[in-house]
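Report on the following structure.
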């Protein structure tokens with residue numbers, strides 16, 4: 003499946019750029035770019051694709067996308083009254099001394115989470131959407147401070163929802179704890195094999211019960227659920243990017259049986275692997291691809 007590499011207008015000295023499109027046709031194919039991106043869309047009806055996530059959207063949409071995360075929107079109509087305001091900012095945003103200040107911790111965590119894509123529901127969506135519209139209409143140093151205020155509001159919002167599975171967006175939990183990084187690296191290197199809790203706990207010199215508590219606190223998921231989600235993410239990547247048979251995808255992703263793979267996949271993504279692949283291809287299909 004062809005994925006376009008978008009060249010954005012962001013210049014090296016720009017902290018961010020703001021783009022506005024009226025009567026957007028949403029004819030740009032599935033694409034990626036190295037910048038972070040916030041999209042606020044109004045008067046839209048159609049589907050949003052972020053990584054391996056496919057969701058229906060109605061009227062308004064607000065998402066934050068991390069670098070190199072494939073995405074597109076597809077309208078149900080050939081012509082629309084939709085308005086899209088897009089904010090793009092560099093991958094190294096906050097990687098300077100700013101990122102070392104504690105007051106930026108919540109924004110730093112938000113950007114780490116955005117590598118999977120985040121959608122925001124109301125009331126955050128409407129409230130922040132109005133601020134994004136105001137941001138577009140001004141151009142000053144205060145504009146940059148206002149942009150940081152928007153990021154902080156998104157970071158502290160309770161209305162977040164993660165979109166894509168980790169592997170397709172090249173996302174692993176980030177943090178300063180070397181122990182959790184060791185565990186994640188082990189999972190990513192051994193997901194196709196049986197992974198025992200006792201083995202991983204031993205890697206970081208913890209008891210099984212202490213490790214289970216530690217892992218869930220750091221990732222917000224149980225150890226078992228994290229592995230399942232990771233394997234499903236690998237499976238979606240193989241389904242979408244290769245011609246591999248479904249039983250081979252199941253095996254390569256670390257599932258012991260095809261029936262267990264189908265059951266787990268449908269529970270996670272709402273359709274069988276076969277239907278998921280067909281639906282994804284149908285939504286992303288363009289005559290010029």
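Numbering (our numbering), first residue to last: 3 to 291. All residues carry an ideal CB built from backbone N, CA and C; glycine is no exception. All figures in this text were calculated on a predicted structure; none of them were measured in a lab.
Report, in whole angstroms, the separation of the C-beta atoms of residue i and residue j, which I expect to be a contact under 8 Å.
| i | j | result |
| --- | --- | --- |
| residue 23 | residue 7 | Wrong, their Cβ atoms sit about 20 Å apart, outside the cutoff. |
| residue 282 | residue 271 | With a Cβ gap of about 10 Å, residue 282 and residue 271 do not count as contacting. |
| residue 59 | residue 42 | Contact doesn't hold; Cβ gap of about 12 Å is too wide. |
| residue 152 | residue 133 | 5 Å |
| residue 191 | residue 205 | About 11 Å separates the two Cβ atoms, so there is no contact after all. |
| residue 69 | residue 30 | Rounded, the Cβ-Cβ distance is 18 Å, inconsistent with contact. |
Taking the C-alpha atoms as reference points, what is the distance between residue i and residue j?
| i | j | result |
| --- | --- | --- |
| residue 259 | residue 285 | 29 Å |
| residue 201 | residue 255 | 20 Å |
| residue 83 | residue 49 | 16 Å |
| residue 61 | residue 73 | 18 Å |
| residue 123 | residue 253 | 37 Å |
| residue 12 | residue 18 | 7 Å |
| residue 21 | residue 91 | 12 Å |
| residue 268 | residue 146 | 43 Å |
| residue 239 | residue 54 | 8 Å |
| residue 274 | residue 161 | 28 Å |
| residue 108 | residue 157 | 6 Å |
| residue 176 | residue 223 | Because the pLDDT at residue 176 is just 47, under 50, the model does not fix this residue reliably, and the value given afterwards should be weighed accordingly. Whole-angstrom Cα-Cα distance: 15 Å. |
Would you say residue i and residue j are within 9 Å of each other, going by their C-beta atoms?
| i | j | result |
| --- | --- | --- |
| residue 52 | residue 67 | yes |
| residue 89 | residue 9 | no |
| residue 197 | residue 236 | no |
| residue 164 | residue 118 | yes |
For residue i, name the three-state secondary structure that DSSP assigns.
| i | result |
| --- | --- |
| residue 124 | coil |
| residue 41 | strand |
| residue 148 | helix |
| residue 67 | strand |
| residue 82 | coil |
| residue 109 | helix |
Those runs of the alpha helix (DSSP H) which lie wholly inside the region 176 to 231 and span at least 4 residues: Listed in chain order, they are 180 to 192, 199 to 205 and 210 to 221.
Output the residue ranges of the alpha helix (DSSP H) runs that lie fully inside the region 225 to 280 and measure 4 residues or longer, sorted by chain position. The alpha helix (DSSP H) runs of length 4 or more contained entirely in the region 225 to 280 are, from start to end of the chain, 225 to 243, 248 to 254 and 260 to 271.
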